[in-house]
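Data block below; observations after.
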DNA sequence: CGCATTTCCTGGTAGC
DNA sequence: TGCTACCAGGAAATGC
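In my numbering, the protein residues as written are 79 to 350.
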């Protein structure tokens with residue numbers, strides 16, 4: 079499911095394609111009116127100035143001061159190929175001969191593709207409350223620790239909330255906790271400076287390594303070029319229920335549910 | 001405010 | 001084969 083590495087992979091592909099391109103029309107196809115596809119028509123005539131990312135959100139500043147905001151949800155795909163089904167948005171660019179139409183396909187309708195008018199993120203509370211960007215200098219141990227202290231919920235849930243750090247979802251959460259031997263049910267506010275620093279580093283390392291492999295494809299995720307993500311072969315915890323822990327002997331990865339989400343960990347080396 | 005729970009949605013799959 | 005039931009989960013809405 080698209081998390082930071084998958085979204086960053088998409089961003090890197092969109093950047094050379096879309097930067098400087100002018101939108102002729104942006105229109106909803108088989109997608110509901112409402113906040114998930116708000117103000118799309120406002121993009122008409124504006125030029126895409128950059129392709130940026132905040133957490134799992136793609137943000138494309140437009141020349142008129144608006145922003146095109148895209149969230150891939152679970153199954154969202156940005157592609158130059160016309161989707162055969164689940165076609166949600168069409169963006170026609172002023173033609174240059176290089177892939178003049180952008181399509182948004184989203185099987186399960188969890189994605190969003192909208193225009194934030196003049197930087198107003200009303201209807202996007204998550205974007206407003208987003209924690210620091212993990213691959214930036216803002217993601218310091220001191221700041222991370224401060225944010226971890228704000229919640230008594232299990233560390234797994236707090237990382238998933240996007241409030242302590244942006245862009246970490248179910249897969250990389252389980253991977254970073256496995257890497258640091260932190261139990262997913264450990265209370266966020268009980269994590270000390272030393273473990274917070276290790277966790278911060280593990281998050282950076284896991285995300286960076288995954289970006290290098292173009293992310294993780296479990297089922298639906300594809301790059302703009304149609305490739306699958308290779309990090310699936312490097313997973314140590316996520317989806318490995320019943321398989322041996324690669325770090326300790328005589329132990330297998332266990333699956334529990336934390337905050338309504340499946341959670342994978344090694345009961346032997348991840349202590350509470 | 002924090003936190004828990006529910007909702008959205010569809011394809012894949014288990015079980016009969 | 002065909003049917004039903006259930007599962008996956010990011011973010012928002014809802015209810016304390």
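Every residue, glycine too, gets a C-beta built ideally from N, C-alpha and C.
Quick check on this structure: which residue in 225, 326, 82 and 171 has the alpha carbon closest to the alpha carbon of residue 314? Just measuring C-alpha positions, the residue of 225, 326, 82 and 171 sitting nearest residue 314 is 326.
Among 112, 130 and 139, which has the Cα closest to the Cα of residue 121? Comparing Cα positions, the closest option is 139.
Report the residue from 147, 293 and 221 whose alpha carbon sits nearest the alpha carbon of residue 195. Ranked by Cα distance from residue 195, the options 147, 293 and 221 are led by 147.
Pull up the CB-CB distance for residue 82 and residue 133, whole angstroms please, since I reckon it's below 8 Å. Right, their Cβ atoms sit about 7 Å apart.
Residue 139 - containing beta strand (DSSP E), residue span: Run containing residue 139: 135 to 139, per the beta strand (DSSP E) assignment.
Proximity below 9 Å, CB of residue 307 to CB of residue 294: One thing to note: residue 307 has its Cβ within 9 Å of the Cβ of residue 294.
In the DSSP assignment, the beta strand (DSSP E) including residue 102 goes from what residue to what residue? Boundaries of the beta strand (DSSP E) harbouring residue 102: 101 to 106, taken from the DSSP string.
Pairing CB atoms from the region 157 to 174 with CB atoms from the region 225 to 241, are three or more of them under 8 Å? These segments do not touch.
Can we say the region 331 to 348 touches the region 178 to 191, given the rule of at least three CB pairs closer than 8 Å? Taking 8 Å as the limit for Cβ pairs, the verdict is that the region 178 to 191 does not touch the region 331 to 348.
Specify the secondary structure class of residue 192 as computed by DSSP and reduced to three states. In the structure shown, residue 192 sits in a strand (DSSP, three-state: E or B).
Near residue 241, what residues of its chain come up, given a Cβ to Cβ distance below 8 Å and the 5 sequence neighbours on each side ignored? If you ignore the 5 residues before and after residue 241, its C-beta comes within less than 8 Å of the C-beta of 207, 208, 209, 225, 228 and 229, all in its own chain and listed in chain order.
Between the CA atoms of residue 131 and residue 90 - distance to the nearest angstrom: Taking the straight line from one Cα to the other gives about 10 Å.
Please report the straight-line C-alpha distance between residue 150 and residue 249, rounded to a whole angstrom. Going by the C-alpha atoms only, they are around 16 Å apart.
By Cβ distance below 8 Å, which residues in the same chain neighbour residue 264 in space, the five residues on each side in sequence not counted? Closer than 8 Å at the Cβ level, and outside the excluded window around residue 264, lie 232, 233 and 350.
Residue 167 and residue 128 closer than 9 Å at C-beta: Not closer than 9 Å, so no.
Drop a sphere of 10 angstroms on the beta-carbon of residue 252, count the other beta-carbons inside from all chains shown, and report buried for 16 or more, exposed for fewer. Its Cβ being crowded by 16 or more others within 10 Å, residue 252 is buried.
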